[in-house]
Amino acid sequence: MKVYLIILYVLAPLLILTEALFFNLPAWLFVLYVLFLTVSTVIYFRKQDKKIWKKIIFYSLSLIVGLGMLAYAFCYPYFGSTVFKLKPNYYIQNAQVTVTKGQAIKDLNFIVKKLKHIHVSLKNPESENSKKINTAYEKAKVYLNSKENFTVVELAQQIESVLSVLGDAHSTVSLMYKESEHYYKNVQKHKDNSDSFIGFNGKLFEDLLKEKSNLYSYEKESWAIQKMANHSISLEGLEYMGIDMENGITYMLETEDGVMYEETAKKSDFITYDEYVKYNHLENRSQEEPKPFCYYSIYEDKSLAVFTLTSCDNNQFYKDTLNRLFTEIKEKNIQNLAIDVRNNGGGSSLVINNLFKYLNIDSFIESAWISRYGPFIKRYKNPIRKNNKVENLVFSGKVYLLCSAKSFSSAMMFAQYVKDNGVGTIIGQAPGNDPNGYGEVVHFDLPESHLFVQISRKRFTRINQNTDEVYVEPDIPCESDKALEVLMDVL
Numbered sequence: 078m079k080v081y082l083i084i085l086y087v088l089a090p091l092l093i094l095t096e097a098l099f100f101n102l103p104a105w106l107f108v109l110y111v112l113f114l115t116v117s118t119v120i121y122f123r124k125q126d127k128k129i130w131k132k133i134i135f136y137s138l139s140l141i142v143g144l145g146m147l148a149y150a151f152c153y154p155y156f157g158s159t160v161f162k163l164k165p166n167y168y169i170q171n172a173q174v175t176v177t178k179g180q181a182i183k184d185l186n187f188i189v190k191k192l193k194h195i196h197v198s199l200k201n202p203e204s205e206n207s208k209k210i211n212t213a214y215e216k217a218k219v220y221l222n223s224k225e226n227f228t229v230v231e232l233a234q235q236i237e238s239v240l241s242v243l244g245d246a247h248s249t250v251s252l253m254y255k256e257s258e259h260y261y262k263n264v265q266k267h268k269d270n271s272d273s274f275i276g277f278n279g280k281l282f283e284d285l286l287k288e289k290s291n292l293y294s295y296e297k298e299s300w301a302i303q304k305m306a307n308h309s310i311s312l313e314g315l316e317y318m319g320i321d322m323e324n325g326i327t328y329m330l331e332t333e334d335g336v337m338y339e340e341t342a343k344k345s346d347f348i349t350y351d352e353y354v355k356y357n358h359l360e361n362r363s364q365e366e367p368k369p370f371c372y373y374s375i376y377e378d379k380s381l382a383v384f385t386l387t388s389c390d391n392n393q394f395y396k397d398t399l400n401r402l403f404t405e406i407k408e409k410n411i412q413n414l415a416i417d418v419r420n421n422g423g424g425s426s427l428v429i430n431n432l433f434k435y436l437n438i439d440s441f442i443e444s445a446w447i448s449r450y451g452p453f454i455k456r457y458k459n460p461i462r463k464n465n466k467v468e469n470l471v472f473s474g475k476v477y478l479l480c481s482a483k484s485f486s487s488a489m490m491f492a493q494y495v496k497d498n499g500v501g502t503i504i505g506q507a508p509g510n511d512p513n514g515y516g517e518v519v520h521f522d523l524p525e526s527h528l529f530v531q532i533s534r535k536r537f538t539r540i541n542q543n544t545d546e547v548y549v550e551p552d553i554p555c556e557s558d559k560a561l562e563v564l565m566d567v568l
């Protein structure tokens with residue numbers, strides 16, 4: 078029996094690693110394991126053995142392992158997720174993939190169950206958000222019972238109609254295709270002319286959002302409008318918005334000088350990415366070495382260094398780039414630093430801590446948060462964190478942060494940390510989500526449709542709770558694409 082118990086102890090980490098890294102295992106399998114472990118331990122405990130300390134050791138091990146397995150299956154938010162999978166699936170074949178009514182309802186039930194188990198605002202089943210979710214879920218289920226088959230786009234619409242009631246920009250469904258999407262062929266021409274898409278079919282995106290708000294999870298309208306604008310230039314995105322393209326679409330555009338005009342596009346004007354590259358003669362551009370996610374430029378005449386960060390990846394390349402940047406700043410006696418997060422969709426907030434190490438600040442306050450672990454809640458109050466400065470490269474000049482409505486998640490936190498800790502000046506537009514909002518997502522691959530869904534497991538609290546601002550507002554507001562130009566004028 079001792080050998081049997083040892084085999085069960087060895088099996089526990091193997092089960093966890095299999096579930097975490099390779100493929101999902103059902104929670105009942107972990108319950109079954111704990112039952113076998115419990116019965117085996119009881120049988121062993123009842124056997125005659127003069128060495129009572131052995132029984133105590135095995136009993137203690139069984140208790141620890143059993144509770145650990147149950148905690149993993151029922152409290153660990155990443156159970157059943159793709160977060161640590163070695164080969165996660167984030168893509169569906171194309172927009173025309175279909176699922177049956179039964180499959181669609183199974184996926185809806187799966188994600189609603191996960192949502193209620195993970196999302197911090199749904200711990201109390203009597204909360205306002207729980208009631209909203211239940212209402213939206215019943216409505217979506219009625220729709221999915223209305224016919225026998227659905228495209229994955231239709232299913233995504235129904236799932237998002239449930240998620241969107243939370244007002245959580247991080248909890249959302251994504252449509253990502255293995256096959257190329259079809260893009261409006263003239264988009265590049267308008268980009269080159271600095272013209273902006275502002276709506277279609279006689280309605281601005283702001284007005285369209287009022288009609289389509291159930292299709293977007295957002296905290297700030299500007300973030301949803303960005304997503305809607307991106308959807309509007311692809312055939313699949315327009316299908317998600319429920320736009321019938323048989324009669325084409327009339328885009329509304331605006332020039333850099335504020336002149337509005339219209340342009341009609343037919344369904345045949347939407348082409349694959351390879352065709353788009355060829356149509357717009359982008360072959361040479363596509364062969365150019367892409368810029369890394371972080372890089373910098375020095376403007377010695379302005380005594381300015383501009384550090385561009387397009388995603389918050391706290392890896393070794395980021396740390397090495399920071400070291401090179403501040404080494405050059407010191408060598409050239411640069412007095413102004415601009416951190417550009419205007420096109421940064423987020424990532425790890427640790428990028429902030431690592432950059433702050435080079436600034437002349439002794440400490441800073443972090444954002445507080447609460448996190449959910451099944452039936453349990455963990456709270457982290459915003460402490461004052463000591464700044465472990467890189468003493469030989471400390472920068473004592475002025476700090477500016479350039480941001481836009483596309484600055485999201487950890488990029489928004491970057492702006493919050495800079496402003497609320499009095500570290501520097503914000504230039505541009507308010508970032509795209511609420512500092513008193515949700516984040517740190519858990520990813521799921523839905524079992525039937527393979528749609529990619531993510532759910533927040535934390536709620537954050539803004540550092541400065543005395544401010545009247547709803548969002549992190551810039552100190553110097555301007556159009557985001559003019560932020561660097563405005564900074565140059567300031568200097």
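Residue numbering for the sequence shown follows the numbering used here, starting at 78 and increasing by one per position.
By construction, the Cβ of each residue, glycine as well, lies at the ideal position given by its N, Cα and C atoms.
For clarity, every value in this text was computed on a predicted model and none was experimentally measured.
Identity of the residue in the options nearest residue i by Cα
{"i": "L330", "options": "Q170, E323 and T341", "result": "T341"}
{"i": "A445", "options": "K535, E258, L144 and T404", "result": "K535"}
{"i": "S311", "options": "Y328, K280 and E296", "result": "Y328"}
{"i": "L185", "options": "Y220, D552, I320 and Q412", "result": "Y220"}
{"i": "R419", "options": "A482, V467 and N437", "result": "A482"}
{"i": "K262", "options": "Y81, Y167, V142 and Y350", "result": "Y350"}
{"i": "M565", "options": "E546, S380 and V467", "result": "S380"}
{"i": "N211", "options": "V229, E231, K434 and V239", "result": "V239"}
{"i": "G451", "options": "L243, V197 and H267", "result": "V197"}
{"i": "V549", "options": "T502, A246, K458 and I275", "result": "T502"}
{"i": "F156", "options": "L144, I93, S117 and S309", "result": "I93"}
{"i": "P165", "options": "V111, I120, V530 and M305", "result": "V530"}
{"i": "F453", "options": "A492, K200, V111 and V108", "result": "K200"}
{"i": "K458", "options": "I438, F491, K475 and N541", "result": "N541"}
{"i": "F65", "options": "V547, L163 and V471", "result": "Any answer about residue 65 is impossible in this case: the structure gives the chain only from 78 up to 568."}
{"i": "V519", "options": "Y372, R449, E231 and K407", "result": "R449"}
Residue i (DSSP reduced to helix, strand or coil)
{"i": "D351", "result": "helix"}
{"i": "Q535", "result": "Looking at the sequence shown, residue 535 is not Gln but Lys. K535 falls in the strand class under three-state DSSP."}
{"i": "Y435", "result": "coil"}
{"i": "L102", "result": "coil"}
{"i": "V119", "result": "helix"}
{"i": "V530", "result": "strand"}
{"i": "G143", "result": "helix"}
{"i": "Y293", "result": "coil"}
{"i": "N61", "result": "Given a span of 78 to 568 for the chain in the structure shown, any question on residue 61 remains unanswerable."}
{"i": "L252", "result": "coil"}
{"i": "V519", "result": "strand"}
{"i": "L402", "result": "helix"}
{"i": "F113", "result": "helix"}
{"i": "L281", "result": "strand"}
{"i": "P90", "result": "helix"}
{"i": "F107", "result": "helix"}
{"i": "C81", "result": "Note that residue 81 is Tyr in the sequence shown here, rather than Cys. The answer is helix: DSSP assigns Y81 an H, G or I state."}
{"i": "I553", "result": "strand"}
Sub-8 Å separation of residue i and residue j beta-carbons
{"i": "K344", "j": "E323", "result": "yes"}
{"i": "Y477", "j": "A382", "result": "no"}
{"i": "Y317", "j": "L402", "result": "no"}
{"i": "V467", "j": "Y494", "result": "no"}
{"i": "I293", "j": "S241", "result": "With the sequence shown as reference, residue 293 is identified as Tyr, and Ile is not the correct amino acid for it. Against a cut-off of 8 Å, the Cβ pair of S241 and Y293 comes out as a contact."}
{"i": "N206", "j": "K178", "result": "no"}
{"i": "D552", "j": "L479", "result": "no"}
{"i": "H527", "j": "I188", "result": "no"}
{"i": "Q393", "j": "G474", "result": "no"}
{"i": "S440", "j": "N469", "result": "no"}
{"i": "N361", "j": "K396", "result": "no"}
{"i": "E298", "j": "L281", "result": "no"}
Contact with chain C by residue i, beta-carbon distance below 8 Å
{"i": "W300", "result": "Looking for chain C here will not work: only one protein chain is present."}
The stretch 518–535 in contact with the stretch 492–510 per 3-pair CB rule at 8 Å: Contact fails: fewer than three Cβ-Cβ distances are below 8 Å.
Inter-stretch contact (C-beta, 8 Å, three-pair minimum) for the stretch 534–552 and the stretch 251–268: Judged by Cβ distances under 8 Å, the stretch 534–552 makes no contact with the stretch 251–268, as fewer than three pairs qualify.
If we require 4 or more residues per run, which alpha helix (DSSP H) segments fall completely within the stretch 416–476? Segments of the alpha helix (DSSP H) lying fully in the stretch 416–476: 427–433.
With three or more beta-carbon pairs closer than 8 Å as the criterion, would you say the stretch 483–496 touches the stretch 233–242? No: the two stretches stay apart, fewer than three of their Cβ pairs being nearer than 8 Å.
Do the stretch 382–392 and the stretch 414–427 make contact, defined as three or more Cβ pairs closer than 8 Å? Cβ pair count under 8 Å is three or more, so yes.
Where in the stretch 159–238 do unbroken runs of the alpha helix (DSSP H), each at least 4 residues long, occur, reported from the N-terminal end onward? Listed in chain order, they are 178–195 and 205–221.
Going residue by residue through the stretch 303–391, where are the continuous alpha helix (DSSP H) segments of at least 4 residues, counting only ones entirely within it? Segments of the alpha helix (DSSP H) lying fully in the stretch 303–391: 312–317, 350–356 and 360–364.
Ignoring anything shorter than 3 residues, give me the beta strand (DSSP E) runs that lie fully in the stretch 473–517, in order along the chain. With a minimum length of 3 residues, the continuous beta strand (DSSP E) runs that stay inside the stretch 473–517 are 475–480 and 502–505.
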